[in-house]
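What follows is one structure encoded as structure tokens, with my remarks underneath.
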Amino acid sequence: HPYMFDVMASMNMVTNEAASEIALRKAGLDEAEISRVMGEMRDSELLSLSAEFIHTARTISQEEFIDPFIAVVAASGKKQMGETAKALVELNILKSDLHQTQTGVGGEVDVAMISRTGGFEWYAKKS
Numbered sequence: 001h002p003y004m005f006d007v008m009a010s011m012n013m014v015t016n017e018a019a020s021e022i023a024l025r026k027a028g029l030d031e032a033e034i035s036r037v038m039g040e041m042r043d044s045e046l047l048s049l050s051a052e053f054i055h056t057a058r059t060i061s062q063e064e065f066i067d068p069f070i071a072v073v074a075a076s077g078k079k080q081m082g083e084t085a086k087a088l089v090e091l092n093i094l095k096s097d098l099h100q101t102q103t104g105v106g107g108e109v110d111v112a113m114i115s116r117t118g119g120f121e122w123y124a125k126k127s
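First residue of the sequence shown: 1, per the numbering used here; consecutive thereafter.
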């Protein structure tokens, strides 16, 4: 989910800042010195650590979840792609029901496929 990365990045930045402040206190720095060092670190080291975290999280998400899903869909036949599309729509409907939000018209899910070779074909049509 797009917001997941925003939340993860924010939590990572807060955690990095808290850990840095604790380390500086344990090193014996006074509050003025901690404030000065933290100000410098926010613009360099902490920002760099958060950017590295975001890059790593996105890379893992792409390699472990998105790429395998796309590979399976790309290797699927028309019927399987239609069933996958239907399942994704139904999953979105379930999410809307659980969150009690209405993001579409609802009702039964019809599945049709348009291809160069077969034209328009119904795969699952509710009458």
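Yeah, the Cβ is synthetic: ideal placement off N, Cα and C, and Gly gets one too.
Asked	Found
Within 10 angstroms of its Cβ, does VAL111 collect 16 or more other Cβ (buried), or is it exposed?	buried
Decide if SER61 is buried, meaning its Cβ has at least 16 other Cβ atoms within 10 Å, or exposed.	exposed
Considering only residues of the same chain and omitting the five flanking positions on each side of TYR123, which have a CB-CB separation below 7 Å?	LYS79, GLY82, VAL111, ALA112 and MET113
Where do the N-terminal and C-terminal ends of the alpha helix (DSSP H) with SER96 fall, by residue?	78-99
Do you know how far the Cα of ILE54 is from the Cα of PHE5?	7 Å
Can you tell me which of THR84, GLY77, ALA32 and SER50 puts its alpha carbon nearest to the alpha carbon of SER115?	GLY77
What is the rounded straight-line gap between the Cα of MET38 and the Cα of SER10?	17 Å
Would you identify the three-state DSSP class for GLU40, choosing helix, strand or coil?	helix
With ILE70 as the anchor, note down where its alpha helix (DSSP H) starts and where it stops.	67-74
Measure from the alpha carbon of GLU108 to the alpha carbon of each residue in SER20, VAL89 and GLY28, then state which is nearest.	VAL89
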